[in-house]
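Peer 1: First, the structure itself, so that you have it in front of you.
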Amino acid sequence: MVADTWFGQALTVGVDIGGSKVSAGVVTPQGRVLARVRTETPHRSKSPEVVEETVAGVVDELRSAHPVRAVGVGAAGFVDEHRSTVLFAPHLSWRGEPLKDALTVRLGLPVVVENDANAAAWAEASVGAAQGSDDVVVVNLGTGIGGAVVLGGGLHRGRYGMAGEFGHMTVVPGGHRCECGNRGCWEQYASGNALAREARSLVAAESPVAGALTEAVGGDPALVSGALVGELAAKGDLACVELMEDAGEWLGSGLADLAAAFDPEVFVIGGGVSENGDLLLGPARTAFERRLTGRGYRPAARVVPAALGNEAGIVGAADLAREGLPRWRQGRRQRRLSTYRRR
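So in my numbering, spot 266 of the sequence shown is number 849, and the numbers just go up one at a time.
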């Protein structure tokens, strides 16, 4: 019979389900990923059962070589407060899908389902950029803006499990139309899509300051992307540096609003756009300090880049699954208490 621990440690699998990929890994309590599997996410037109089979397949592949005790799933969608049902997943066919029960039956293992941003935030707070901090806000900058909150050492999910949708805070009433249907959402000003939109407008207007951008895309605004803006900014192109500064200022302004609401010790900035480093985070920190309520009379939260990259969702989901194992839950409480006492 295979032992249920690895060198005395409970191993769990974390699964990160996105719009284009399913990534999974076997994770130790210290956040070390021992093995990884990645496959394509079935198209949204496929039935929920097809997606569940895909998830079960990657878990079975991993546990064939490792003694796994539980599974955590981070899903890109709205997950209910019981961490069992995916209420809505924009990139998949899940609508009120009882994912926890379905996977528990298929796998014969304890399963926890969590929003993917919550899972990534938990990893950054537990073993990543905010390790040792009990009050953390994570902001993920990609196509849009996602996020999550850790308060008092635990995830803050909200009454209905939907906290952390920061990207849809209205920052400009009547502003740019957002995919959510509203106008002026934060992600319309500080995301990868926002960077690309502003850069495309420069190219379309044949602006003399957009020479490098225009040359890079052969004069076709449709080919401009946020990643391209970042690449040219890193090479010193003044127009792209300015676009990055604008996005950073919007980011910092939004962080000041979040600080007024949650008063975290640390802001962790993740997602693809954050890979631009201080080109983005420098202006963000400046704007944050300038807009912070009570500035000069209160401590300001640190603003730091995420540490775990694409593995954050896997590590966080795996650790949340481990939290459900009784003999590990007490151990985590003791570790948190010792961390608190060392402050």
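The beta carbon of each residue, even a glycine, is placed where N, CA and C say it ideally should be. The structure presented is a predicted model; accordingly, all values stated were derived computationally and were not measured.
(1) Cα separation between Leu-806 and Ala-653?
(2) Only counting the same chain, and skipping five residues up and downstream in sequence, which positions put a Cβ closer than 7 Å to that of Val-585?
(3) By Cβ distance, which residues of its chain are closer than 8 Å to Gly-907, with the 5 residues on each side in sequence left out?
(4) Okay, do the region 861 to 870 and the region 826 to 844 touch, 3+ Cβ pairs below 8 Å being the bar?
(5) Between the region 876 to 888 and the region 793 to 810, do at least 3 Cβ pairs fall closer than 8 Å?
(6) Who are the Cβ neighbours of Phe-661 in its own chain at under 8 Å, not counting the five residues just before and after it?
(7) Is it true that the region 738 to 757 meets the region 833 to 850, where meeting means three or more beta-carbon pairs spaced less than 8 Å apart?
(8) With a 10 Å radius around its C-beta and 16 neighbouring C-beta atoms as the bar for buried, classify Ala-816 as buried or exposed.
(9) Kindly indicate which residue of Arg-621, Ala-593, Glu-814 and Lys-818 has the alpha-carbon position closest to the one of Asp-599.
(10) Measure the alpha-carbon distance for Ala-712 versus Val-732 and round it to whole angstroms.
(11) What does Cys-768 pair with, by DSSP beta-bridge criteria?
(12) For Lys-604, report the span of its beta strand (DSSP E) as first-last.
(13) Can Gly-729 and Val-856 be called in contact, C-beta distance under 7 Å?
(14) Counting only the same chain and skipping the five closest in sequence on each side, list residues whose C-beta sits under 8 Å from that of Leu-821.
(15) Alpha carbon to alpha carbon, how far is Glu-848 from Leu-645?
Peer 2: According to the data block:
(1) 44 Å
(2) Residue confidence for Val-585 is low, a pLDDT of 44 falling below 50, so the modelled location carries little weight and cannot support an answer.
(3) Ala-653, Pro-693 and Val-695
(4) yes
(5) no
(6) Val-669, Leu-670, Phe-671, Ala-672, Asn-698, Gly-744 and Met-745
(7) yes
(8) buried
(9) Checking every option, the nearest Cα to that of Asp-599 belongs to Arg-621.
(10) Ala-712 and Val-732 have their C-alpha atoms spaced approximately 14 Å apart.
(11) Thr-753
(12) 604 to 610
(13) no
(14) So the list reads Val-792, once near-sequence residues are dropped.
(15) 36 Å
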